[in-house]
Amino acid sequence: MNESTLISLSLFALFAPLAGFIITLLTGKRLKTAYLIENFIISLVLLASIIALFVKLAYYVDKDIVSEITWIDLGIVPIMGKLSIELGILLDNVSLIMMFVVSLISALVHYYSIEYMRGDKRYNRYFAYLGIFTFSMMGIVLTHNILMMYIFWELVGLSSYLLIGFWYEKKSASDAGKKAFIVNRIGDLGMFAGILMIFVTYHTFTFDKIFAAIGEGILPFNSEFWLTATGILLFCGAIGKSAQFPLHVWLPDAMEGPTPVSALIHAATMVAAGVYMVTRIFVMLTGDAMLFIATIGALSAFIPATIALTQTDIKKVLAYSTVSQLGYMVMALGVGAYAFGFFHLVTHAFFKAGLFLGSGSVIHSMHHEQDIMKMGGLKKKMPITYWTFLFYSLAISGIPLTSGFLSKDGILASAMSFGSLTGYHIFAVVGFLVALLTAFYMFRLLILTFHGEPKDHHKFDHAHESPALMTVPLIVLAILSIFAFYTLNPLDAQQGWVLNKWITTPTSVVPESARYPFMVNHETHGSAEAHGQIIHSVEYTESLHHSHYPAMFLSLFVALLGIFIAYMMYEKKKMDADKIAGSMKPLYNFSLNKWYFDELYGVIAIGASLRLTEILKWFDNTIIDGIVNGSGWITKVTSAISGWFDNWVIDGAVNAVAYISGFFGIALKKTQTGKVQTYVALAVFGVMVFYFAMRLL
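Per my numbering, the sequence shown starts with residue 701, numbered consecutively.
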């Protein structure tokens, strides 16, 4: 299969979901089975993605394939020079692996939703929305430039808004959709500013051209500081989309959407878009930018993990778990673990999507009950859901023979190496602490949901295993969470084909003075093994090698410790959970109320906004309207005075002149008799008067 066929398959995978969206939306009201069209199309997309991935890894594993067209060509523009904007796709190992992940999760969610959403009054529209979301995600994954990524970025925001607020008649769902949309716009504003800085500096949006220019020493405003600022601004988009601190508050509320949507958007695809974007710009990140990213990732891993400890809504626990695991990925990229960060993105997509679909199976069986404190004993009623949920829990906890163990072990080893080289040991400490918390809250969730005695016997009696359309996706995702799909060595992912051949760390292009000490390129001598992946110094490589087994054993220890504590507390009840919670009531309430972030934002963001609107309203009513109304009053008074002056002074003077003229006219009229004798007598009289007057003078 040649490159053009590979490009055609990828373009089909990109645009077919858009066609499914349009067809399903237009025919949904007239054709009850319109959803089958969307499901058929997504099946073809999955098939095309599998074939494209196989061909790429089998025949073009070391080659990046680019196909582009010129979208806008303005020629020579003053100041900017030659200006043209291209649209295109980039087919490398990372993009095609991600395309496979998106299409697979999307297809499984489509199939699962056939049964889960059956009977919904907007059934066909739901599947249409899944189609536009898949199209948007495919655009982000396949693009070769930052502008096209931003366009699809916003389309993902729109489609997620439609899916989160799908049951918009519920106020909580409509509010959650608005909250997700608005919070994401905050991060997207920073990303847009970073894109503008890139375009002003490089006059292009294409990744390869931008990276090449940076490698030649061309920096924004000729400053390493502004290169750092550009990277951080672009990362702001990931803070919003991947629900990183402090913009993580939208994700738990987004659980108001249908559970399959939670699996699609909030586990494997949309929230992973931010992490994927960081992998795309990884080579242009300076050391300071990476440190900032690692810090945000560490906070985002720790804070939600502490919140998940006390939540009782099954989907809320998984939501905070998702934020925490995304923080893991972001922290991994920040400490230079590019391959492990992306690897965890892939492994997490499968077992977290499985966890959400498993929770949907439970909710469906329990007649939409989501409180785990009202469940229990479902292991007997739902064996397939239980065993797959157990395996997912083991995977996210990082237990050997699971994919989660491989990726998490690599992240923790990288954090330890990073600390030994830079002195920032806090990231490794946070990583191991979060691993402990993750194992605890996941098995707390598992035990309270599936073990013990049922809390609500009425709902328990009616509970049953979900239909095959819902359980088969659970089995598929569980199989994909086994280590053997990534390496034949269950203890070291680096020895497998995924990290050794498929996911390679690209070479940094930032000036050496702006890099971390380990971001130093070796001489590759043209070897295939070294092609495009040598970013770390010898010291970092040796440190990573020495950190591998300590990190592996320590991560396994903390994971087993977390599971053991949950087992003793909730299964054996050797420790009274309520008593422990009561003994640390302030901390328990702090976790239960989600660190009061919503309340804090309610005061700072919402309250301040409302206060600002009140101030602006007062200013408008008092100052602006006062000026306008005052101007009107002054004009009115001035007009009244002017009218009086015109009527009495101007018109009075004119009328007086007319009156005087009339008076003298009437008086002199008497002298006009028409008789000559009278005129002669008056003339003689006048002469006499004149004569005597002259004599007196």
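All residues carry an ideal CB built from backbone N, CA and C; glycine is no exception.
- Item | Contact belief for K756 with L791 at Cβ below 8 angstroms, rounded distance in angstroms | Looking up residue 756 in the sequence shown gives position 56. Looking up residue 791 in the sequence shown gives position 91. Contact flag correct, Cβ pair sits at about 6 angstroms.
- Message: For a test of the three-state rule: what should DSSP assign to D1399, helix, strand or coil?
- Response: A query on residue 1399 cannot be resolved here, the shown segment of the chain reaching from 701 to 1397 and no further.
- Query: If I1280 sits next to L1145, beta carbons under 8 angstroms apart, how far is it from one beta carbon to the other, in whole angstroms?
  - Reply: Residue mapping note: residue 1280 aligns to position 580 of the sequence shown, counting from 1. Residue mapping note: residue 1145 aligns to position 445 of the sequence shown, counting from 1. Their Cβ separation, rounded to whole angstroms, is 17 angstroms, which puts I1280 and L1145 out of contact at 8 angstroms.
- Alpha carbon of R1395 to alpha carbon of Q1377, nearest angstrom: As a first step, residue 1395 must be located in the sequence shown, where it is residue number 695. As a first step, residue 1377 must be located in the sequence shown, where it is residue number 677. The straight-line gap from Cα to Cα measures roughly 27 angstroms.
- Task: Starting from the C-beta of Q1070, find all residues in its chain whose C-beta is less than 7 angstroms away, skip the five residues before and the five after it, and write them out in chain order.
- Result: Here residue 1070 is taken as the residue at index 370 of the sequence shown, counted from 1. The answer, listed in chain order, is D1013, I1014, K1015, I1063.
- Query: Alpha carbon to alpha carbon, what distance is there between Y1086 and M1116?
  - Reply: To locate residue 1116, count along the sequence shown from 1; it is residue 416. To locate residue 1086, count along the sequence shown from 1; it is residue 386. Distance between the alpha carbons of M1116 and Y1086: 35 angstroms.
- Message: Once DSSP output is grouped into helix, strand and coil, what is the label at H1231?
- Response: Position 531 of the sequence shown, counted from the first residue, corresponds to residue 1231. Per-residue confidence for H1231 stands at a pLDDT of 38, beneath the threshold of 50, marking its modelled position as unreliable; no derived number is given.
- Message: Excluding the 5 residues flanking A1277 on each side, which residues of the same chain have their C-beta closer than 7 angstroms to its C-beta?
- Response: On the sequence shown, position 577 is the one that residue 1277 refers to. Counting only Cβ-Cβ distances below 7 angstroms, and skipping sequence neighbours, we find M1269, Y1270.
- Task: Please say whether G1076 and L1148 have beta carbons closer to each other than 8 angstroms?
- Result: Walking along the sequence shown from the start, residue 1148 turns up at place 448. Walking along the sequence shown from the start, residue 1076 turns up at place 376. Contact flag set, yes.
- If you follow the alpha helix (DSSP H) that N1355 is part of, which residue opens it and which one closes it? Sequence index remark: in the sequence shown, residue 1355 carries index 655 (1-based). Looking at the DSSP string, the run of the alpha helix (DSSP H) that includes N1355 is 1351-1369.
- Message: Closer than 8 angstroms is the cut-off here; do at least three beta carbon pairs connect the stretch 1186-1194 with the stretch 956-970?
- Response: For the pair of segments examined, the stretch 1186-1194 was found not to touch the stretch 956-970: the number of CB pairs separated by less than 8 angstroms stays below three.
- Is the beta carbon of F1127 less than 8 angstroms from the beta carbon of A943? By one-based count along the sequence shown, residue 1127 stands at place 427. By one-based count along the sequence shown, residue 943 stands at place 243. The answer is no: Cβ separation not under 8 angstroms.
- Message: Going by C-alpha to C-alpha distance, which of I1327, S872, D988, I737 sits closest to G957?
- Response: Taking the first residue of the sequence shown as 1, we reach residue 957 at position 257. That would be S872, whose Cα lies nearest to the Cα of G957.
- Message: Would L709 and A748 be called neighbours here (beta carbons separated by less than 8 angstroms)?
- Response: By 1-based counting over the sequence shown, the position of residue 709 is 9. By 1-based counting over the sequence shown, the position of residue 748 is 48. Yes, the pair counts as a contact, with Cβ atoms nearer than the cut-off.
- Item | Beta-carbon gap between A876 and I886 smaller than 8 angstroms | To locate residue 876, count along the sequence shown from 1; it is residue 176. To locate residue 886, count along the sequence shown from 1; it is residue 186. Against a cut-off of 8 angstroms, the Cβ pair of I886 and A876 comes out as no contact.
- Item | Delimiting residues of the alpha helix (DSSP H) encompassing I832 | Locating residue 832 in the sequence shown gives position 132, counting from the first residue. First-last of the alpha helix (DSSP H) with I832: 823-842.
- Query: What did DSSP end up calling G1226 once you bin it into helix, strand or coil?
  - Reply: Against the sequence shown, residue 1226 aligns to sequence position 526. With a pLDDT of 40 at G1226, under the threshold of 50, the modelled position of this residue cannot be trusted; read the value that follows with caution. If DSSP states are grouped into helix, strand and coil, G1226 belongs with coil.
- Message: In this structure, how does DSSP classify T770 when only helix, strand and coil are distinguished?
- Response: Walking along the sequence shown from the start, residue 770 turns up at place 70. In the structure shown, the three-state DSSP call for T770 is strand.
- Assign A1356 to one of two classes, buried (16 or more other C-beta atoms within 10 Å of its C-beta) or exposed (fewer than that). Your numbering for residue 1356 matches position 656 in the sequence shown. Under this definition A1356 is an exposed residue.
- Whole alpha helix (DSSP H) elements within the stretch 1043-1103, 4-residue minimum: Runs of the alpha helix (DSSP H) lying entirely within the stretch 1043-1103, each at least 4 residues long, are 1078-1081, 1083-1097 in chain order.
- V766 and V802 closer than 8 angstroms at C-beta: As a working mapping, residue 766 is identified with position 66 in the sequence shown. As a working mapping, residue 802 is identified with position 102 in the sequence shown. Contact flag unset, no.
- Query: Straight-line CA distance for H1164 to A1178?
  - Reply: Residue numbering aside, residue 1164 sits at position 464 when the sequence shown is read from its first letter. Residue numbering aside, residue 1178 sits at position 478 when the sequence shown is read from its first letter. Approximately 20 angstroms, taken between the alpha carbons.
- Query: Is there contact between the stretch 806-821 and the stretch 937-953, where contact requires at least three CB pairs shorter than 8 angstroms?
  - Reply: no
- Message: For A954, tell me which candidate among I1334, F1385, F1056 has the shortest Cα-Cα distance.
- Response: Taking the sequence shown and counting its residues from 1, one reaches residue 954 at position 254. Per the Cα distances, F1056.
- For S784, the three-state DSSP class (helix, strand or coil): To locate residue 784, count along the sequence shown from 1; it is residue 84. Of the three classes helix, strand and coil, the one that applies to S784 here is strand, per DSSP.
- Message: At the level of alpha carbons, what is the spacing between H1225 and V1238?
- Response: Against the sequence shown, residue 1225 aligns to sequence position 525. Against the sequence shown, residue 1238 aligns to sequence position 538. Low local confidence applies: a pLDDT of 39 at H1225 is under 50, so the model's placement there is unreliable, with the coordinate-based value given in what follows. Taking the straight line from one Cα to the other gives about 16 angstroms.
- Query: Who are the Cβ neighbours of A716 in its own chain at under 7 angstroms, not counting the five residues just before and after it?
  - Reply: In the sequence shown, residue 716 corresponds to position 16, counting from 1. I741, L744, V745, listed in sequence order.
- Task: Pick out whichever of A1184, Y759, M970, D1298 has its Cα sitting closest to the Cα of L858.
- Result: On the sequence shown, residue 858 is found 158 positions in, with the first residue counted as 1. Selected option, being the one with the closest Cα: M970.
- Please state if the CB of M984 and the CB of V794 are separated by a distance shorter than 8 angstroms. For this step, residue 794 is matched to residue 94 along the sequence shown. For this step, residue 984 is matched to residue 284 along the sequence shown. No; because the gap between Cβ atoms is not below 8 angstroms, this pair is not in contact.
- Item | Same chain, Cβ closer than 7 angstroms to I1203, five either side skipped, listed in chain order | To locate residue 1203, count along the sequence shown from 1; it is residue 503. Excluding positions up to five away in sequence, the list reads N793, V794, A1039, F1042, F1043.
- Message: Less than 8 angstroms between the beta carbons of S1243 and T1138, yes or no?
- Response: Taking the first residue of the sequence shown as position 1, residue 1243 is located at position 543. Taking the first residue of the sequence shown as position 1, residue 1138 is located at position 438. No, the pair does not count as a contact, with Cβ atoms beyond the cut-off.
- Message: Suppose the cutoff is 7 angstroms on Cβ atoms and the five residues either side in sequence are ignored; what does the same chain contact list for A1037 look like?
- Response: One-based indexing of the sequence shown puts residue 1037 at position 337. Here the set comprises G1110, I1111, S1114.
- Item | Bounding residues of the alpha helix (DSSP H) (the contiguous stretch that carries R730) | Numbered from 1 along the sequence shown, position 30 holds the residue referred to as residue 730. Note, R730: premise wrong, no alpha helix (DSSP H); not H, not E.
- Item | Where I751 sits in the DSSP three-state scheme | The count along the sequence shown starts at 1 and reaches residue 751 at position 51. In the structure shown, I751 sits in a helix (DSSP, three-state: H, G or I).
- Do the stretch 909-925 and the stretch 832-839 touch if we need at least three Cβ pairs shorter than 8 angstroms? Contact check between the stretch 909-925 and the stretch 832-839: fewer than three CB pairs, one atom from each, fall below 8 angstroms, which does not count as touching.
- Task: Count the other CB atoms, across all protein chains shown, that sit within 10 Å of the CB of G1302; report buried if there are 16 or more and exposed otherwise.
- Result: Locating residue 1302 in the sequence shown gives position 602, where the first residue counts as 1. Exposed: under 16 other Cβ atoms inside 10 Å.
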